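To keep things clear, I will list the structure first and then write my remarks on it.
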Amino acid sequence: MSFTSRASSRATGTISSYFSDSVPPSSPSYQHDSSQASQDYTEDGYDRQSRYSPSIASSGPSTGFTTASTATSTAISRPSTPSGRRSRNGTTPSILGQSESHDVVCAVSEARGVTPTVGIATVNLSLGEAILSQICDNQSYVRTIHKLQLASPSRIVFMPSACPPNEPSTFFSLVQQLIPEAEIASYDRSAWSEVSGIEYIEQLAPEGDIGPIQVAIQGKYYAICCFSAAMKYIDHQFNISFSLQSLRIRYQPSEDTMMIDISAMQSLEVMRNLKSAKSKECLFGLLNHTLTPMGSRVLRNNMLQPPTDFEGFIRPRYDALEEMVTSEEMFHEVRKALKLFHDIEKTLTKLITIRATTGVFAAEEQITHILMIKSFLESVPELFRALQPAKSELLIKIRTLCRPEITLPILLNIKKVIEADVTYMKSPLDLRNQRAFAVKSGISGMLDVARQTYREITELNQRLLDTSNEIVMRSDTVIRDLVSKLRQVVPPLFRVCESIALVDMIASFGQITTTRDYVRPGIEETLALKSAKHPILDKKMASDYIPNDYYATERYRFHIVTGCNMSGKSTYIRSVALLQIMAQIGCFVPAEFAVFPIIHNVFARISTQDSIEANLSSFGVEMREMAFILRNIDHKSLAIIDELGRGTSVRDGMAIAMAISEALVDTRASIWFATHFIELAQVLADSPTVLNLHLASRTTVSEGGLPQLMMSYKATAGTADDEHHYGIVLARAMGMPDSFTEFAEHVANDLRRRRESNRQSSASFKEMRRQRLALNLYEALKIVADSADKDVPVGYLKSLQEEYILRLKAIDDM
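The working numbering puts the first residue of the sequence shown at 230, with every later residue one more than the last.
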């Protein structure tokens, strides 16, 4: 039986800026047991009832194993939540903005050891696609669980040895707890065969893809075994196989994409709005101007896992998008052509799927598929003509894949059987008539007789229905031969679909870029943004939004952002993460100038919610999420942390925030840390890699004589003014008695004076300032050395020297 499935333009700026304790100029024109593992996972930030995991709908006690229809396949039920409650934080599919249901079977297998290796094979039965991966994970299986959550499988298959009634493996227990929406099953050990997996690839993959796939999977034993098990399980459990050389199979290395923590996706509103799932006020809603379901899926997949390969993926997209937005006529013609396409990707998948179903309904479905493919092939030349002026590498490649030499022979073969003027219709009645006269006259005499009867008995409902069914069944005899021929040419049609989806995504970026005046980012080691905006609020507030600057290098990687309530700290730090995601999927960004590094992981610690289901307070949730970040963050990561430590006492919160901050500094990750703890900013200001920023505000007097705060929403170097006492100002504005607020202000000033006196007299403080000054000089000289302009004026270097000496003397005189 056949089986197939498918800056350095970092300008030097003013001299003094290099020796201040602030940012360089804002204008960047330059195996263990299961119980222990579950505890580790909870410490890592995962919990069955936390926001990371979907809700569990089970309302009764666990029933353990239930035997399926055969002895080789077993389904596993799950433990229920306390009192059968659903998690109030929603399910993972809703967090990820899942808009359409897919049948996805995922087989997983692990090599137990100090550093577990996990094989994954995901087969999407709705899209005719199989993705193989092999992940070298840690003891908490963070990357593997994340990948499974993004795949949203409807069924996960394990080896029997990993499941009850045997002692469940750590990995099995974590999957059972953290992906409760998927049905879990086991399948016979003999199905997990490397030899069978390779045979499936050779039989099912398009001939031109077999060689590259074999190269990619060399040494990936567990991924290949999982693919074998997945294909045998699908055939055995669902009685589904696939036509030869038609399944899209690819190996996906986990290190080639950015990992965005599920919590970060939710709190940053990457895929859906936190308040309303139907709202388009999220990053996906902002960018999704696609005109085809295929384009929408590609956009979603890229936002969930942005690429990290600049030359292979990101730069070609930038070039294509730049050409698209500068060639207005081509842009409009491409958008016009895209409106003609249906979701042909699913249609082709149904065409290559061999199911044991017969009858009128199956025959009608086959004819409908042929009509949709015919309509699709007739639309492809419009896109080819629209891309005729293209000069960028990616658009030329897309146009080449859509050339008439590929699609026209297939269309002509269809037209030998199908009438030229018959097309796919959305109206059920119109579609029935189109199906009745789809096959050309003269191919089948009995079919022609049945159609003549159909014409004569119109409006005689029952006889009409009977005759219509007869026509469909006689047409099916002819259509089957056509379907067999089309299955042989499905691979190039899938490539055409992928090309259309990609150009649709780029055109969608072009739509938002031209309407919002975005700029093309550069990719370097530095992050430098001039007048950048939060993409979602920029659209909502238009000209009222106040832009900000961002700067991060190897020298400045830990940013502490201070300011009063409602000053814009949270918006400021969230913006940089959203803009980073936009840049890595190939989209332009809302800024005057933008340079980004390549980031491999994005983490966020923002929410202030507690977790009743997990019996955790808001501070407990904070600590769990920070434990997860600290265990997984590295120098290729970006993390945004908002108001850490505010869920407990001021002293403990400050101490914990300080300890965690110092640990994060050591990771060399890019950190954006918003806090109300002014002391934290002051202490860490002496660290050579820390940069203090604040969003300023000022006090004014209202017409009623009450003080009020006016926000600038502009980030500047330094810490928030400790003398400002904005909390006291707000207390006055709320009507607190003057005697109370005056005494509070007196106490605050006294405490500040004592702190400053102790700090300024410290010899270690002076030494830290000297070290910071020397590092700033080194940074300035390094930028000059790395500059493309080698003609550096001698006067500039002399000015650097004089400035350094003056500031060194000022420190000694303190």
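In this text, a Cβ means the ideal position worked out from N, Cα and C, and glycines have one as well.
Computed from a predicted model, the values in this text were never measured in an experiment.
Next on the checklist: Less than 7 Å between the beta carbons of Pro764 and Leu515, yes or no?
Outcome noted: yes
Checklist entry - Can you tell which of Asn698, Pro435, Phe467, Gln406 has its C-alpha closest to the C-alpha of Leu476? => result Pro435
Next on the checklist: Thr373 and Val554 - do their beta-carbons sit closer together than 7 Å?
Outcome noted: no
Checklist entry - How is Thr344 classed by DSSP in three states: helix, strand or coil? => result coil
Checklist entry - Under 7 Å between the Cβ atoms of Phe825 and Ala812? => result yes
Next on the checklist: Pull the bridge partners of Ile349 from the DSSP assignment, please.
Outcome noted: Val337, Ser362
Checklist entry - Helix or strand or just coil, what does DSSP make of Phe817? => result coil
Checklist entry - How would you call Ser621, buried or exposed, if buried means at least 16 neighbouring beta carbons within 10 angstroms? => result buried
Checklist entry - Which residues bound the alpha helix (DSSP H) around Leu403? => result 399-407
Checklist entry - If you drop the 5 nearest sequence neighbours on each side, which residues of the same chain put their C-beta closer than 7 Å to that of Tyr270? => result Low per-residue confidence applies at Tyr270: pLDDT is 44, beneath 50, and the placement is therefore not dependable enough to give any value.
Next on the checklist: Considering only the alpha carbon of each residue, which of Tyr1033, Arg982, Lys669 lies closest to Asn1005?
Outcome noted: Tyr1033
Item to check | Nearest to Arg546 (by Cα), restricted to the options Leu641, Leu577, Ile627 | outcome: Ile627
Checklist entry - Can you tell me the Cα-Cα spacing of Lys714 and Gln405, whole angstroms? => result 43 Å
Checklist entry - Hey, which unbroken runs of the beta strand (DSSP E) at 3 residues or more fall wholly within the stretch 622-661? => result none
Checklist entry - Apart from the five residues on each side of it in sequence, which residues of its chain come closer than 6 Å, Cβ to Cβ, to Ser398? => result Ala391
Checklist entry - What is the DSSP secondary structure of Thr669, counted as helix, strand or coil? => result Sequence inspection shows Lys at residue 669; the Thr mentioned does not correspond to that position. Correct three-state label for Lys669: coil.
Next on the checklist: Bridge partners for Glu412 per DSSP, in chain order?
Outcome noted: Arg384
Checklist entry - Mind checking Asn353: buried by the 16 CB within 10 Å criterion, or exposed? => result buried
Checklist entry - Val831 and Ala493: beta carbons closer than 7 Å? => result yes
Next on the checklist: Whole angstroms are fine: how far does the CA of Ser804 sit from the CA of Ala340?
Outcome noted: 40 Å
Checklist entry - Out of Tyr480, Glu396, Arg875, Ala336, which has the shortest C-alpha to C-alpha gap to Ala411? => result Ala336
Item to check | Inter-residue spacing [alpha-carbon to alpha-carbon] between Ala359 and Ala736 | outcome: 27 Å
Checklist entry - Going straight from the alpha carbon of Phe787 to that of Thr896, what length do you get? => result 10 Å
Checklist entry - Nearest to Ser1045 by alpha carbon, out of Arg418, Pro409, Met795? => result In the structure displayed, the chain extends from 230 to 1043; residue 1045 sits before or after that span and is not available.
Checklist entry - If we ignore side chains and look at the alpha-carbon of each, how far apart do Thr755 and Ala868 end up? => result 16 Å
Next on the checklist: Nearest by alpha-carbon distance to Pro409: which of Glu594, Gln378, Val424, Thr303 is it?
Outcome noted: Gln378
Checklist entry - Among Ala781, Gln481, Leu569, which residue has its Cα nearest to the Cα of Phe605? => result Leu569
Next on the checklist: Count Cβ pairs between the stretch 659-668 and the stretch 565-585 that sit closer than 8 Å; are there 3 or more?
Outcome noted: no
Next on the checklist: What does the alpha-carbon distance come out to for the pair Pro610 and Phe723?
Outcome noted: 16 Å
Checklist entry - Among residues of its own chain, excluding the 5 on either side of Leu497, which ones have a beta-carbon nearer than 7 Å to its beta-carbon? => result Arg803, Ala806, Leu807, Ala833
Item to check | Cutoff 7 Å; reference Leu1026; Cβ partners in own chain excluding five residues on either side | outcome: none
Checklist entry - In chain order, what residues of the same chain lie with their CB nearer than 8 Å to the CB of Met1070, ignoring the 5 residues before and after it? => result Any question about residue 1070 goes unanswered here, given that the chain covers just 230 to 1043.
Item to check | Same chain only: Cβ atoms within 6 Å of Gln260, ignoring 5 sequence neighbours per side | outcome: Bear in mind that the predicted position of Gln260 carries a pLDDT of just 37, short of 50, making it too unreliable to give a figure here.
Next on the checklist: Tell me which residues share the same chain as Ala910 and place their Cβ nearer than 6 Å to its Cβ, disregarding the 5 neighbours each side in the sequence.
Outcome noted: Ile789, Thr791, Asn921, Thr948
Checklist entry - Any contact of the stretch 345-352 with the stretch 438-458, i.e. 3+ C-beta pairs under 8 Å? => result yes
Next on the checklist: My assumption, with CB atoms under 8 Å, is that Ser890 sits in contact with Leu913. Please give the rounded CB distance.
Outcome noted: 6 Å
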